[in-house]
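Structure first, commentary second.
Numbering (the numbering used here), first residue to last: 8 to 401.
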């Protein structure tokens with residue numbers, strides 16, 4: 008096991024023990040209440056994987072509450088989400104993020120000069136739930152609802168570094184090996200074949216960037232699993248697009264010191280996989296790239312131009328193809344299934360994102376983000392309470 012440390016602290020799973028960690032979290036529950044936010048769509052309710060997640064969370068009695076950040080996608084699915092919430096033994100509340108009464112509150116915020124009504128998606132749901140969670144939780148974890156390999160250790164690992172007084176971290180990020188153990192196949196394509204080589208190429212072009220060095224310290228920067236101190240959460244602007252994970256890392260970079268940030272080993276991780284041609288996956292890559300360009304412009308004052316993007320495109324393809332050879336060697340030695348043609352086709356598809364995403368950024372370099380909660384409360388001091396009262400069934 009590699010136990011090296013980087014710019015941010017890395018907590019390896021050497022002898023991490025659920026009973027020891029959960030007992031400590033339980034003993035601190037009254038002083039430092041913690042919770043869990045799970046963004047969920049109507050179509051996710053009833054999936055076999057979600058039932059396992061509920062069963063595992065039910066063993067985490069140190070949690071003060073679970074918040075399901077829910078957006079309705081069809082008639083009757085809100086009632087389904089309420090039924091799901093009642094299957095939790097841990098107190099669970101459904102935050103109905105696109106409820107008409109919630110939209111009314113946000114329309115009032117718009118009249119006060121802060122418009123979030125045009126923004127939608129997972130990021131907005133998480134933003135609403137984070138605002139509500141920050142009212143009465145010391146810290147909370149966030150993760151998706153499609154994790155096939157979910158265990159009770161996942162929220163425990165994420166929250167422990169934040170709650171344990173001996174550590175005093177403000178932000179923890181999960182990392183893992185992305186593979187399908189039943190099919191013996193590597194996944195994590197956007198990280199392996201896009202973000203990882205892209206960060207290397209950008210670092211080479213800029214000679215040195217503190218922000219890029221920070222991102223490279225994370226073993227899996229696109230991981231959606233994280234936990235954070237509620238006070239920090241109120242300082243973060245939240246992207247509403249598919250660049251949520253990278254965007255939040257950028258905000259943590261702006262609002263915290265490296266010494267208060269850690270990553271923790273979540274083991275081998277599997278969730279539902281998407282075809283690389285699927286719009287969701289390509290949009291995630293493009294939005295992440297645009298977020299990266301925007302943050303580099305803010306922090307490093309880089310000059311993004313069409314010649315810069317063309318040069319980046321060529322350099323990225325070269326390095327990404329080198330990465331394929333490296334992963335092929337790793338897969339061969341570990342007797343994993345590795346489709347080299349599929350990997351090359353993935354790089355071909357992802358490389359186009361550099362041009363399309365770059366043009367998207369040049370067209371609109373300052374994209375609207377969901378404002379931080381401090382800014383939001385300055386416009387409407389009681390907005391968190393009003394959203395809680397409207398979004399959650401009493």
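Virtual Cβ for every residue (Gly too), placed ideally from N, Cα, C.
These numbers come from a predicted model, not from an experiment.
Assumed close pair residue i, residue j - CB separation to whole angstroms, cut-off 8 angstroms
i           : j           : result
residue 46  : residue 132 : 5 angstroms
residue 335 : residue 320 : In fact, because the Cβ distance is near 23 angstroms, the residues do not count as touching under 8 angstroms.
residue 63  : residue 158 : 6 angstroms
residue 230 : residue 181 : 5 angstroms
residue 170 : residue 23  : Incorrect: roughly 15 angstroms between the Cβ atoms, too far for contact.
residue 275 : residue 183 : 6 angstroms
residue 394 : residue 109 : 6 angstroms
residue 84  : residue 49  : 3 angstroms
residue 316 : residue 201 : The pair is not a contact, with the Cβ atoms about 15 angstroms apart (cut-off 8 angstroms).
residue 65  : residue 96  : 4 angstroms
residue 162 : residue 148 : 5 angstroms
Buried/exposed call for residue i, threshold 16 Cβ in 10 Å
i           : result
residue 254 : buried
residue 400 : exposed
residue 111 : exposed
residue 120 : exposed
residue 135 : buried
residue 12  : exposed
residue 88  : buried
residue 1   : What the structure shows of the chain is the stretch from 8 to 401, and residue 1 is not part of that stretch, so it cannot be assessed.
residue 189 : exposed
residue 381 : exposed
residue 350 : buried
residue 373 : exposed
residue 172 : exposed
residue 26  : exposed
residue 250 : buried
residue 291 : buried
residue 94  : exposed
residue 264 : exposed
residue 239 : buried
residue 379 : buried
residue 383 : buried
residue 284 : The predicted position of residue 284 is uncertain, since its pLDDT is 46 and thus under 50; a value taken from the coordinates is nonetheless stated next. It counts as exposed.
residue 8   : exposed
Residue from the options whose Cα sits closest to the Cα of residue i
i           : options               : result
residue 18  : 118, 166, 126 and 78  : 166
residue 217 : 15, 10 and 11         : 15
residue 268 : 124, 86, 136 and 174  : 174
residue 306 : 193, 325 and 260      : 260
residue 312 : 238, 371 and 329      : 371
residue 139 : 74, 331, 224 and 116  : 74
residue 43  : 275, 102 and 156      : 102
residue 179 : 156, 209, 226 and 210 : 226
residue 355 : 340, 342, 381 and 325 : 325
residue 385 : 242, 212 and 338      : 242
residue 186 : 271, 333 and 338      : 338
residue 30  : 137, 164 and 327      : 164
residue 76  : 82, 59 and 51         : 51
residue 38  : 177, 69, 315 and 59   : 69
residue 156 : 308, 314, 61 and 86   : 61
residue 352 : 340, 327 and 333      : 327
Beta carbon of residue i nearer than 9 angstroms to that of residue j
i           : j           : result
residue 41  : residue 71  : yes
residue 35  : residue 160 : no
residue 297 : residue 368 : yes
residue 53  : residue 152 : no
residue 365 : residue 303 : no
residue 232 : residue 150 : yes
residue 204 : residue 329 : yes
residue 196 : residue 288 : yes
residue 20  : residue 130 : no
residue 398 : residue 67  : no
residue 244 : residue 113 : no
residue 228 : residue 198 : yes
residue 270 : residue 220 : no
residue 212 : residue 322 : yes
residue 362 : residue 347 : no
residue 206 : residue 256 : no
residue 387 : residue 116 : yes
First through last residue of the alpha helix (DSSP H) which encompasses residue i
i           : result
residue 100 : It is not in any alpha helix (DSSP H) - residue 100 instead sits in the beta strand (DSSP E) that spans 99-103.
residue 368 : 347-370
residue 383 : 380-386
residue 120 : Looking at the DSSP string, residue 120 is not in any alpha helix (DSSP H), and its letter there is neither H nor E.
residue 170 : 160-170
residue 390 : 390-398
residue 135 : 129-140
residue 42  : That residue, residue 42, is in no alpha helix (DSSP H); its beta strand (DSSP E) goes 41-48.
residue 16  : Not the alpha helix (DSSP H): residue 16 falls in the beta strand (DSSP E), residues 16-18.
residue 330 : 313-340
Span of the beta strand (DSSP E) around residue i
i           : result
residue 67  : Per DSSP, residue 67 belongs to no beta strand (DSSP E) and is neither H nor E.
residue 236 : 233-236
residue 186 : 178-187
residue 272 : 268-276
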